[in-house]
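Peer 1: Residues 2 to 282, numbered by this note's numbering, are exactly what the sequence shown covers, in order. Backbone N, C-alpha and C define an ideal beta-carbon position, used for all residues, glycine too. Take a look at this one; I'll ask things after.
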Amino acid sequence: MAPIPSLWLGRANRPTLVRRNVTILVIYCALMGLVVGSFLNVVVYRVPRHLSIVRPRSACPTCHEPIKDRDNIPIVSWLLLRGRCRNCHSPISSRYPLVEFGTGLLFGVTAWRWGVHFDLVAFLVLDAALVALALIDVEHLLLPRSIIYPTLAGVGPWLVISAAHYGQWHRLLIAVICAVTWFAAFFVLNFLSPRALGFGDVRLSLVLGLTLGWMGVGDVFIGFFASNLIGAVVGLTLIATKKRARDEPIPYGVYLAVGTILAILVGPALLAHWHSLTNAN
Ligand SMILES: [Zn+2]
Numbered sequence: 002m003a004p005i006p007s008l009w010l011g012r013a014n015r016p017t018l019v020r021r022n023v024t025i026l027v028i029y030c031a032l033m034g035l036v037v038g039s040f041l042n043v044v045v046y047r048v049p050r051h052l053s054i055v056r057p058r059s060a061c062p063t064c065h066e067p068i069k070d071r072d073n074i075p076i077v078s079w080l081l082l083r084g085r086c087r088n089c090h091s092p093i094s095s096r097y098p099l100v101e102f103g104t105g106l107l108f109g110v111t112a113w114r115w116g117v118h119f120d121l122v123a124f125l126v127l128d129a130a131l132v133a134l135a136l137i138d139v140e141h142l143l144l145p146r147s148i149i150y151p152t153l154a155g156v157g158p159w160l161v162i163s164a165a166h167y168g169q170w171h172r173l174l175i176a177v178i179c180a181v182t183w184f185a186a187f188f189v190l191n192f193l194s195p196r197a198l199g200f201g202d203v204r205l206s207l208v209l210g211l212t213l214g215w216m217g218v219g220d221v222f223i224g225f226f227a228s229n230l231i232g233a234v235v236g237l238t239l240i241a242t243k244k245r246a247r248d249e250p251i252p253y254g255v256y257l258a259v260g261t262i263l264a265i266l267v268g269p270a271l272l273a274h275w276h277s278l279t280n281a282n
């Protein structure tokens, strides 16, 4: 059995990465990310407004003409139409192709990081959810449960399947403990000061604790501290430059999303480096 500290810090839990065929996988996931990003644009606009994400189909915000399939190709259509509606020629925000590009890039990098691995699906689902949640939080200061719960329902069972597939039930146990601990801590913070920490963040912590805890306890700490460090630096900079008032609420979900994505992408490398330093002495 692995020594307890390395088990808890995640070294013993590192998945064996398969580097074979990784180029094809990265290209495939990046292209899939472009399409998912296009869907996330719809989610980010409609979910906070309580509109259906299925119907009606996307339309020009100015002339309300439905967007044709040939004008709905991620990034390409926006470039071909030079950022304007085909019907009324009014400008279409560059935010749409940027979200598509960002999601494609994130999916590609996540695939490159994980390689051919069962868990990749869970992390891509989390990537997509975090992009949507961060964008909604920055605009509406809201983390809709209609996004968080389906994410939990997607990631949770997938990790159970992965635990069964790799025979790594101990990792699932650690993941659940991390999720419950993080949830409990945020629950108490929300109870003490609901203005400082909204209940959306409490719900989200369950998803973050589960997925990062699946990687290892060390990754949970990296995600948590990266989130708060980035949040503090950005928050203080905005206050210092008078772009935000001191008592204005902050979109904490954005920082949780960024910190978590960082932990997924660079956490294992940081921990491996830290282990090599501590083991050398
Ligand atoms: Zn139009």
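Identify which residue in G232, S194, L174, V235 has its Cα closest to the Cα of G1.
Peer 2: Here the chain has residues from 2 to 282 only, and residue 1 is not among them.
Peer 1: Any idea which residues DSSP pairs P361 with across the strands?
Peer 2: Since the first and last residues shown for the chain are 2 and 282, residue 361 lies out of range.
Peer 1: Is there contact here, the region 250-260 with the region 104-121, by at least three beta-carbon pairs under 8 Å?
Peer 2: No, because fewer than three Cβ pairs between the region 250-260 and the region 104-121 fall closer than 8 Å, the two stretches do not touch.
Peer 1: Could you give the distance in angstroms between the alpha-carbon of V177 and the alpha-carbon of N280?
Peer 2: Cα to Cα, the separation comes out at about 29 Å.
Peer 1: What number of angstroms, rounded off, separates the C-alpha of R12 from the C-alpha of W215?
Peer 2: Note that R12 has pLDDT 44, beneath the 50 cutoff, so the model's placement of it is unreliable and the number below is only indicative. Looking at the two C-alpha atoms, the distance is approximately 12 Å.
Peer 1: Thinking V285 and A112 are a contact (beta carbons under 8 Å), I'd like their distance in whole angstroms, please.
Peer 2: In the structure as shown, the chain begins at 2 and stops at 282. Residue 285 is therefore absent and cannot be evaluated.
Peer 1: Is the CB-CB distance between D220 and G268 below 8 Å?
Peer 2: Yes, Cβ-Cβ distance for D220 and G268 is below 8 Å.
Peer 1: Using the Cβ count rule (16 or more neighbours within 10 Å means buried), how would you classify N191?
Peer 2: Buried, by the Cβ-count rule.
Peer 1: Between the beta-carbon of C30 and the beta-carbon of G116, is there less than 8 Å?
Peer 2: No, they are not a contact pair.
Peer 1: Let me know the secondary structure DSSP gives R85 once reduced to three states.
Peer 2: Correct three-state label for R85: strand.
Peer 1: For R87, which residues in the same chain have their Cβ closer than 6 Å to its Cβ, ignoring the five residues on either side in sequence?
Peer 2: Once the five neighbours on either side are set aside, the close Cβ partners of R87 are D72.
Peer 1: What did DSSP end up calling P4 once you bin it into helix, strand or coil?
Peer 2: Low confidence applies to P4: its pLDDT is 41, below 50, so where it sits in the model is not reliable, and the reading given next is rough at best. If DSSP states are grouped into helix, strand and coil, P4 belongs with coil.
Peer 1: Whole angstroms are fine: how far does the CA of R96 sit from the CA of R295?
Peer 2: There is simply no residue 295 to check, as the chain begins at 2 and stops at 282 in what is shown.
Peer 1: Rounded to whole angstroms, what is the Cα-Cα separation between H274 and F225?
Peer 2: Those two C-alpha atoms are separated by around 19 Å.
Peer 1: Is N73 a contact residue of ligand 1, with contact defined as CB to any heavy atom under 7 Å?
Peer 2: N73: no, Cβ never under 7 Å from ligand 1.
Peer 1: Going by DSSP in three states, P92 sits in which element: helix, strand or coil?
Peer 2: Of the three classes helix, strand and coil, the one that applies to P92 here is strand, per DSSP.
Peer 1: With 16 other CB atoms within 10 Å as the buried threshold, where does V234 fall?
Peer 2: Per the 10 Å Cβ criterion, exposed.
Peer 1: Give the secondary structure of P75 by DSSP, where H, G and I count as helix, E and B as strand, and everything else as coil.
Peer 2: Three-state result, P75: coil.
Peer 1: Given a cut-off of 8 Å, decide if G236 and L144 are closer than it, judged by their beta-carbon atoms.
Peer 2: Going by C-beta atoms, L144 is not nearer than 8 Å to G236.
Peer 1: Cβ of N88 versus every heavy atom of ligand 3: is any distance shorter than 7 Å?
Peer 2: You won't find ligand 3 in this model; what it holds is ligand 1.
Peer 1: What residues in its chain sit with their C-beta under 7 Å from that of G157, if we drop five residues either side in the sequence?
Peer 2: Excluding positions up to five away in sequence, the list reads L211.
Peer 1: Closer than 7 Å by C-beta to A264: which residues in its own chain qualify, once you throw out the five before and the five after it? Chain order, please.
Peer 2: Around A264: L213, D220, I223, G224, A227.
Peer 1: Can T152 and V208 be called in contact, C-beta distance under 8 Å?
Peer 2: Yes, these two residues count as a Cβ contact at 8 Å.
Peer 1: What's the call for N42, buried or exposed, on a 16-neighbour Cβ count within 10 Å?
Peer 2: By the neighbour-count rule (16 or more Cβ atoms within 10 Å), N42 is buried.
Peer 1: Which same chain residues, not among the five before or five after R196, have their C-beta less than 8 Å away from its C-beta?
Peer 2: Taken in chain order, the residues that qualify are P250.
Peer 1: Apart from the five residues just before and just after S39, which ones in its own chain have a Cβ nearer than 6 Å to its Cβ?
Peer 2: The answer, listed in chain order, is P75, E101.
Peer 1: With C-beta atoms as the reference, is P67 less than 8 Å away from H141?
Peer 2: No, the Cβ-Cβ distance between P67 and H141 is not below 8 Å.
Peer 1: Measuring alpha carbon to alpha carbon, tell me which of C61, R146, S206, L271 ends up nearest A180.
Peer 2: Nearest C-alpha to A180: S206.
Peer 1: Ligand 1 heavy atoms versus the CB of S78: any closer than 7 Å?
Peer 2: Checking every heavy atom of ligand 1 against the Cβ of S78, none is found closer than 7 Å.
Peer 1: A123 and W159: beta carbons closer than 8 Å?
Peer 2: Cβ distance < 8 Å, so A123 and W159 count as in contact.
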